[in-house]
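Q: Okay, here's the structure, questions in a sec.
The following block contains the structure:
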């Protein structure tokens, strides 16, 4: 009975709070075409269906200086004009889930040349016919009733205007939209919205329990979700109601997957020790996947590079694996290889859906989110096989729940960077398991032929995953090989075997060079770039300072916008010191220590590119998993220090997660809204 009463009580409390939130009067301003004051645009896009693009254009040539380009808001500031959109023959304003009542809707609109008669359907059986004259825009006010599901829908039908030289379907000019509720007394909530939120809430509760949390922990996290939902319904209602069904679907996926993992742990955990602790790992992985997908699929999210990735997936499906892409001027410009490994892995998913650009975008987004989330599994295996407890490993994984460097790339649409890095992680995992060490009879290294084959495959995949990852992994392997050479010359038994690494590097590098990077298209582009002059780069002192500030979280890493959370940076550096200080107490962690060392060395080596180019690799993105990996032991050490230590550990984890969530929301809200 207790197992039923707790979720029932939470649901009752949630519905009470959410219904109360719907009693707060709702107001919404939609700046059609953009807002000059904030210099933002596209905030109207989720609410306007079948309308033309924002005007004026994003960038306009300066009439006085044709070589100078002006932003759209600069044009409007100069001319005193207003941003706008042309409607079509049948355009719709749809604001979902705002609650059942009557709204006063205020529109600023202008007609076609000669004027036009337009009909606005503002609710069931409610129609308003207006004449919109040409000339200056006018303000119109009308009452609109929401539909039974709580959506506000206004359908605007206008005879199309055929403008000379313009093939668009043009209705009338829409400048501004404002709405506010006028009903007094009780406001009816949007019941379908509450249904979706209730499903998500119950799924979240089951999800957290299946992941191994205590009843108190499940109640606390679910209560936090209830409060967050109520606050959003009060202050940012459309931001939530636009995608409540997606939230419910993602939580159901997470809960179902974690419940299956919990069943597997109970059934097979006694025979396989790693399987016994799989449920919380699956819970965190599915949470990471859900958070990434929720942000990318929010109707407000915009991207600059996602369609490029979808087109590359399409090219790969046509057999064009020798792909190229234009390189930034900061890296020397020209055309460079665009490795195909991520697209080849995602390509089978194209058989499951209809062939369309939208579905290809969804495939690359889903595939990349899944690959990046699975990085957490590799981090968990590294720490568990190194002898660290389950709690230490889970604390490390929480750092990668919302990694700001990855989330920024998700927001931009740099999906090839993310999926390419995820495909390089298996190589680092093998090194952390001791696969690069000299064969012995007491470790994983005793299966020498199989391990060499795995290392060759993992390295080859990493080298054709992404060009930036190729450089980073090359630096990592060079660092490992140099350490192995030093140990060989000093006749020491080190963490890496010189012969094995040499063989692996020769086979993998030879394979990708012969079958991929020596393709004629790449050799031609290399010759064309050979004579070009890129940027002169940075001074060594500037590189050192910039890198140090980026590692410490005092500045964004490289040319990024979001710094690494300084709490994670401090925890990672402290954890790194702790791992080395405990090297005698943790002999099983030898391979992990060596892997962390070459991971850091490889990252620092690639910074040398900044000596000859203004932009290097995404080193913050590459290093972030290593930061989480080394932060885990320090967080675990704090946890073992009584109540005060557990409080410190909880606060650090809460800060890292909150920091990531805050910046993820900001990225979804702001990126490309210019």
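Residue numbers (full-length UniProt numbering): 1 to 674. The beta carbon of each residue, even a glycine, is placed where N, CA and C say it ideally should be. All of these numbers come straight from a predicted model, not from anything done at the bench.
Apart from the five residues on each side of it in sequence, which residues of its chain come closer than 6 Å, Cβ to Cβ, to residue 56?
A: For this step, residue 56 is matched to residue 56 along the chain shown. 72 and 75, listed in sequence order.
Q: Residue 29: buried (16+ other C-beta within 10 angstroms of its C-beta) or exposed?
A: Numbered from its first residue, the chain shown carries residue 29 at position 29. Exposed: under 16 other Cβ atoms inside 10 Å.
Q: Just checking my contact of residue 206 with residue 255 at CB under 8 Å: how many whole Å lie between their CB atoms?
A: Counting from one through the chain shown, the residue named residue 206 turns up at place 206. Counting from one through the chain shown, the residue named residue 255 turns up at place 255. Contact flag correct, Cβ pair sits at about 5 Å.
Q: Decide if residue 358 is buried, meaning its Cβ has at least 16 other Cβ atoms within 10 Å, or exposed.
A: Locating residue 358 in the chain shown gives position 358, where the first residue counts as 1. Exposed.
Q: Scan the region 362–449 and note each continuous alpha helix (DSSP H) run of 4 residues or more that stays entirely inside, going in chain order.
A: Qualifying alpha helix (DSSP H) stretches, in chain order: 390–398, 404–412 and 415–432.
Q: Which same chain residues end up closer than 6 Å to residue 102 when comparing Cβ atoms and leaving out the 5 residues on each side of it in sequence?
A: The residue you call residue 102 lines up with position 102 of the chain shown. Here the set comprises 143, 145, 182 and 183.
Q: Going by DSSP, what residue range makes up the beta strand (DSSP E) through residue 704?
A: Because the chain spans 1 through 674 in this model, residue 704 falls outside it and cannot be assessed.
Q: Suppose you measure from the CA of residue 408 to the CA of residue 668; what does that come to, to the nearest Å?
A: Numbered from its first residue, the chain shown carries residue 408 at position 408. Numbered from its first residue, the chain shown carries residue 668 at position 668. Each residue's Cα considered, the two are about 9 Å apart.
Q: Excluding the five sequence neighbours on either side, which residues of its own chain have a C-beta within less than 8 Å of the C-beta of residue 655, listed in chain order?
A: Translated into the one-based positions of the chain shown, residue 655 becomes position 655. Result list for residue 655: 565 and 567, in chain order.
Q: By DSSP, does residue 147 sit in helix, in strand, or in coil?
A: As a first step, residue 147 is located in the chain shown; it is residue number 147 there, counting from the start. DSSP places residue 147 in coil when its eight states are reduced to three.
Q: Where does residue 555 fall in DSSP's three states?
A: Along the chain shown, one-based indexing puts residue 555 at 555. Residue 555 falls in the coil class under three-state DSSP.
Q: Should the region 189–197 be regarded as contacting the region 235–246, the criterion being three or more beta carbon pairs within less than 8 Å?
A: Contact holds: three or more Cβ-Cβ distances are below 8 Å.
Q: With a Cβ-Cβ cutoff of 7 Å, do residue 251 and residue 221 count as a contact?
A: Counting from 1 along the chain shown, the entry for residue 251 is found at position 251. Counting from 1 along the chain shown, the entry for residue 221 is found at position 221. For residue 251 and residue 221, no; Cβs fall outside 7 Å.
Q: Just verifying my parser: in three-state terms, what is the DSSP assignment at residue 335?
A: Counting from 1 along the chain shown, the entry for residue 335 is found at position 335. Looking at residue 335 - three-state DSSP - the assignment turns out to be strand.
Q: With distances taken from CA atoms, which of 591, 489, 510 and 401 is nearest residue 459?
A: Stepping through the chain shown from its first residue, residue 459 is reached at position 459. For the residues 591, 489, 510 and 401, the minimum Cα distance to residue 459 belongs to 510.
Q: Helix, strand or coil for residue 562? Go by DSSP, reduced to three states.
A: The count along the chain shown starts at 1 and reaches residue 562 at position 562. Residue state, collapsed to three classes: coil.
Q: Using the beta-carbon count (16 or more within 10 Å), is residue 176 buried or exposed?
A: What you label residue 176 is simply residue 176 of the chain shown in a count that begins at 1. So residue 176 ends up on the buried side.
Q: Answer with buried or exposed for residue 298, where buried requires no fewer than 16 other C-beta atoms within 10 angstroms of its C-beta.
A: Position 298 of the chain shown, counting from 1, holds the residue named residue 298. Counting Cβ neighbours within 10 Å, residue 298 comes out buried, since at least 16 surround it.
Q: Helix, strand or coil: how does DSSP classify residue 584 here?
A: Translated into the one-based positions of the chain shown, residue 584 becomes position 584. The answer is coil: DSSP assigns residue 584 none of H, G, I, E or B.
Q: Quick one: is residue 532 buried, meaning 16 or more other Cβ sit within 10 Å of its Cβ, or exposed?
A: Your numbering for residue 532 matches position 532 in the chain shown. Confidence at residue 532 is low in this model, with a pLDDT of 48, below 50, so its placement is unreliable and the value that follows should be read with caution. Residue 532 comes out exposed.
Q: Please report the residue range of the alpha helix (DSSP H) in which residue 356 lies.
A: On the chain shown, residue 356 is found 356 positions in, with the first residue counted as 1. First-last for residue 356: undefined, no H or E at that position.
Q: Can you tell me whether residue 95 is buried or exposed, with buried defined as 16 or more other CB within 10 angstroms of its CB?
A: Stepping through the chain shown from its first residue, residue 95 is reached at position 95. Buried, since its Cβ has 16 or more Cβ neighbours within 10 Å.
Q: Going by DSSP in three states, residue 311 sits in which element: helix, strand or coil?
A: For this step, residue 311 is matched to residue 311 along the chain shown. In this structure, residue 311 counts as helix in the three-state DSSP scheme.
Q: What whole-angstrom Cβ distance do residue 592 and residue 382 have, given they're in contact under 8 Å?
A: Counting from one through the chain shown, the residue named residue 592 turns up at place 592. Counting from one through the chain shown, the residue named residue 382 turns up at place 382. Right, their Cβ atoms sit about 6 Å apart.
Q: Give the C-beta separation of residue 151 and residue 97 to the nearest angstrom, bearing in mind that I take them to be a contact with Cβ-Cβ under 8 Å.
A: Here residue 151 refers to the residue found at position 151 of the chain shown. Here residue 97 refers to the residue found at position 97 of the chain shown. The Cβ separation is near 6 Å, so the contact holds.
Q: With residue 131 as the anchor, note down where its alpha helix (DSSP H) starts and where it stops.
A: Counting from 1 along the chain shown, the entry for residue 131 is found at position 131. Not the alpha helix (DSSP H): residue 131 falls in the beta strand (DSSP E), residues 126–132.
Q: Label residue 272 either buried or exposed according to how many other C-beta atoms from any shown protein chain fall within 10 Å of its C-beta, with 16 as the threshold for buried.
A: Counting from 1 along the chain shown, the entry for residue 272 is found at position 272. By the neighbour-count rule (16 or more Cβ atoms within 10 Å), residue 272 is not buried but exposed.
Q: Spatial neighbours of residue 525 within its chain, please: C-beta separation below 8 Å, excluding the five flanking residues on both sides.
A: By one-based count along the chain shown, residue 525 stands at place 525. So the list reads 324, 334, 335, 336 and 337, once near-sequence residues are dropped.
Q: Taking the continuous beta strand (DSSP E) assigned at residue 176, which residues delimit it?
A: Translated into positions along the chain shown, residue 176 becomes position 176. Residues 173–181.
Q: Does residue 671 come out as helix, strand or coil in the three-state DSSP assignment?
A: To locate residue 671, count along the chain shown from 1; it is residue 671. Looking at residue 671 - three-state DSSP - the assignment turns out to be coil, as it is neither helix nor strand.
Q: Candidates 376, 560, 575 and 237: which alpha carbon is nearest residue 286's?
A: Here residue 286 refers to the residue found at position 286 of the chain shown. Out of 376, 560, 575 and 237, 376 has the C-alpha closest to the C-alpha of residue 286.
Q: How close, in whole Å, do the beta carbons of residue 107 and residue 174 come, if the pair is a contact with beta carbons under 8 Å?
A: If you number the chain shown from 1, residue 107 lands on position 107. If you number the chain shown from 1, residue 174 lands on position 174. With a Cβ gap of about 7 Å, residue 107 and residue 174 count as contacting.
Q: Secondary structure at residue 155, three-state DSSP: helix, strand or coil?
A: Looking up residue 155 in the chain shown gives position 155. Residue 155 falls in the strand class under three-state DSSP.
Q: With residue 462 and residue 424 assumed to form a contact (beta carbons below 8 Å), what rounded beta-carbon distance in angstroms separates them?
A: Your numbering for residue 462 matches position 462 in the chain shown. Your numbering for residue 424 matches position 424 in the chain shown. Sure, about 4 Å apart at Cβ, within 8 Å.
Q: For the alpha helix (DSSP H) containing residue 267, list its first residue and its last residue.
A: Within the chain shown, residue 267 is the residue found at index 267, counting from 1. Taken as a continuous stretch (DSSP letters only), the alpha helix (DSSP H) holding residue 267 covers 244–268.
Q: So, at 7 Å on beta carbons, what are the nonlocal neighbours of residue 468 in its own chain, with the 5 sequence-adjacent residues on each side left out?
A: One-based indexing of the chain shown puts residue 468 at position 468. 417, 617 and 618, listed in sequence order.
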